[in-house]
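Below: the structure, in structure tokens.
Protein chains: 2
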Amino acid sequence: MTQNLDHKFLGIALAEAEMGLADGGLPIGSVLARNGELVASGHNQRVQQGDPIAHGEMDCLRKAGRQRSYRDTVLYTTLSPCMMCSGTIVQFGIPRVVIGEAETFAGNIDFLRQNGVEVLLMDDEGCKDVMRRFLSSPENRQIWLEDIAED
Amino acid sequence: MTQNLDHKFLGIALAEAEMGLADGGLPIGSVLARNGELVASGHNQRVQQGDPIAHGEMDCLRKAGRQRSYRDTVLYTTLSPCMMCSGTIVQFGIPRVVIGEAETFAGNIDFLRQNGVEVLLMDDEGCKDVMRRFLSSPENRQIWLEDIAED
């Protein structure tokens, strides 16, 4: 049951990533769920809104709005979370994170686990493919380096 | 000179915090500076915008917009950064952080330093006082616990 839900919500996160790609943005999507129900979904808005903090996970958490607690939530993301998003997961007390892929970007899975977060890495081909399509353009490659602040 | 600039920019961050308080929000402000010039300033928007990720530092970084690099910037904040904001500082490669106070909230100064960030703690009375005034109401105390996700 959990496995079915994980596929379902990661699928919604991937649909968000595809929406981002269609708008010329970084194709990274995210979902926040509670008790098998969708709370919110979002995707990276760096290009679309000129917002450097709007990674997929952050856009999703923003759209979820104020929550009294995150203790019963699961966060889904198509790409392994950067240090901003990992710090947010730990600060907010999100106990479980499902990651589409960690090949394009390794992220901070060890940091999450060391801080008590349960991490499931799906190694999902769809999540890899959407990033591959985005990164096939040199211009997009620059946007991606900007997004992870690598210079 | 650096010391004068630090006082000046922390003063602007504190003015942002006071603006937040006047609007009924959490009085935590922030400034991003580069080469002695203000890039952007912001303050916590949890109450005003219903946005859980808009801590003072994050609101400031959002308002600064897309930056090619943060390597020559300094971030000022009236209150010691939480794990979300600390993770963001590390991910963005901000090399120096000036903190107003770490008494109301200890934050993650060790984490920042371990990740190569230079941290200056000012122990500023004005920064403490604005939080004290906010937290004097029990209702605001609840908003504060929500902001740091403590339940």
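Quick mapping for you: the protein sequence lines, in order, are chains P and L. Taken in order, the first sequence gives residues 1 to 151; the numbers are from the working numbering. Taken in order, the second sequence gives residues 152 to 302; the numbers are from the working numbering. Here a beta-carbon is modelled for each residue, glycine too, at the ideal position from N, C-alpha and C. Everything numeric in this text was worked out from a predicted model, so none of it was measured.
Are the beta-carbon atoms belonging to residue i and residue j less than 8 Å from one another?
i	j	result
Ile-250/L	Ser-231/L	yes
Asp-274/L	Glu-290/L	no
Gly-207/L	Thr-239/L	no
Gly-258/L	Cys-233/L	yes
Gly-244/L	Arg-264/L	no
Phe-134/P	Leu-21/P	yes
Glu-18/P	Val-130/P	yes
Leu-26/P	Ile-143/P	yes
Ser-9/P	Ala-40/P	Residue identity differs from the one stated: residue 9/P is Phe in this sequence, not Ser. No; because the gap between Cβ atoms is not below 8 Å, this pair is not in contact.
Arg-219/L	Glu-146/P	yes
Val-97/P	Val-119/P	yes
Ile-28/P	His-43/P	yes
Phe-262/L	Ile-299/L	no
Glu-200/L	Asp-174/L	The amino acid occupying residue 200/L in the given sequence is Gln; Glu does not appear at that position. Against a cut-off of 8 Å, the Cβ pair of Asp-174/L and Gln-200/L comes out as no contact.
Ser-288/L	Leu-226/L	no
Need the endpoints of the beta strand (DSSP E) that residue i sits in, please.
i	result
Glu-37/P	37 to 43
Rounded to whole angstroms, how far is the Cβ of residue i from the Cβ of residue j, which I believe are closer than 8 Å?
i	j	result
Arg-66/P	Arg-197/L	7 Å
Ile-204/L	Met-58/P	5 Å
Could you spell out the range, first to last residue, of the alpha helix (DSSP H) harbouring residue i?
i	result
Ala-168/L	153 to 173
Glu-125/P	125 to 135
Glu-290/L	289 to 298
Arg-94/P	Contrary to the premise, residue 94/P reads as Ile rather than Arg in this sequence. Note, Ile-94/P: premise wrong, no alpha helix (DSSP H); not H, not E.
Arg-46/P	46 to 49
Taking only three categories from DSSP, how would you classify residue i?
i	result
Arg-62/P	helix
Glu-269/L	strand
Ile-250/L	strand
Gly-25/P	coil
Cys-233/L	coil
Glu-57/P	helix
Arg-113/P	helix
Thr-88/P	helix
In the DSSP assignment, what residue or residues form a beta bridge with residue i?
i	result
Leu-32/P	Ala-40/P and Leu-75/P
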